[in-house]
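*Asks:*
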Amino acid sequence: MTNSTCDWPGATGKSYTYYVHPISELNTFNPNQAGNYIFAKLDTNNLWDPVYVGQTEDFKERFGDHEKLLCATRNGATHIHLHINNSAHDRIQEETDIRHNFTTPCNMQ
1 MTNSTCDWPG
11 ATGKSYTYYV
21 HPISELNTFN
31 PNQAGNYIFA
41 KLDTNNLWDP
51 VYVGQTEDFK
61 ERFGDHEKLL
71 CATRNGATHI
81 HLHINNSAHD
91 RIQEETDIRH
101 NFTTPCNMQ
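The sequence shown maps to residues 1 to 109 in our numbering.
#1: Starting from threonine 73, follow the alpha helix (DSSP H) in both directions and report where the run begins and ends.
#2: Between alanine 11 and the rest of its own chain, which residues show a CB-CB distance below 7 Å, the 5 nearest in sequence each way excluded?
#3: If you count every other CB in all the chains shown that lies within 10 Å of the CB of arginine 74, and 16 or more means buried, which is it?
#4: Let's see if you can read the secondary structure: which residues bound the beta strand (DSSP E) around aspartate 49?
#5: Here's the rule: buried if 16 or more other CB atoms are within 10 angstroms of the residue's CB, otherwise exposed. What is leucine 82?
#6: Pull up the distance between the alpha-carbon of glutamate 67 and that of cysteine 106, whole angstroms please.
#7: How far does the alpha helix (DSSP H) with alanine 88 in it extend, from its first residue to its last?
#8: Quick one: what does DSSP say lysine 60 is sitting in, helix, strand or coil?
#9: Is it the case that the Cβ atoms of glutamate 113 and valine 53 are separated by a distance below 9 Å?
#10: State buried or exposed for proline 9, treating a residue as buried only when at least 16 other CB atoms are found within 10 Å of its CB.
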């Protein structure tokens, strides 16, 4: 599934295209790539279900010891979806937009 994509709709109606990777590839991402990410699983209808939505300035640094990875895998996440996004402002807006459209158990505080 490394070359597949998934379009995630936000609460505003805007759609964001993410690349899909197995969680096992977390340590293979290039440093200094900023963007948004979603830990996700397939539901019974074979549709992606988000478990955690986040954003980072550096994928490689962020995933080295992600505090929500255990929560995500315990909630069934098998893949990570990535969207390269260099703008900190846009990353935060995108994360918020998607989170407001889904219930994500590992984002609960």
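For each residue, glycine too, the CB sits at the ideal point set by N, CA and C.
*Replies:* Here's the rundown:
#1: 69-74
#2: Asp97, His100, Asn101
#3: exposed
#4: 48-56
#5: buried
#6: 10 Å
#7: 88-99
#8: helix
#9: Outside the displayed span of the chain (1 to 109) sits residue 113, for which this structure offers no information.
#10: exposed
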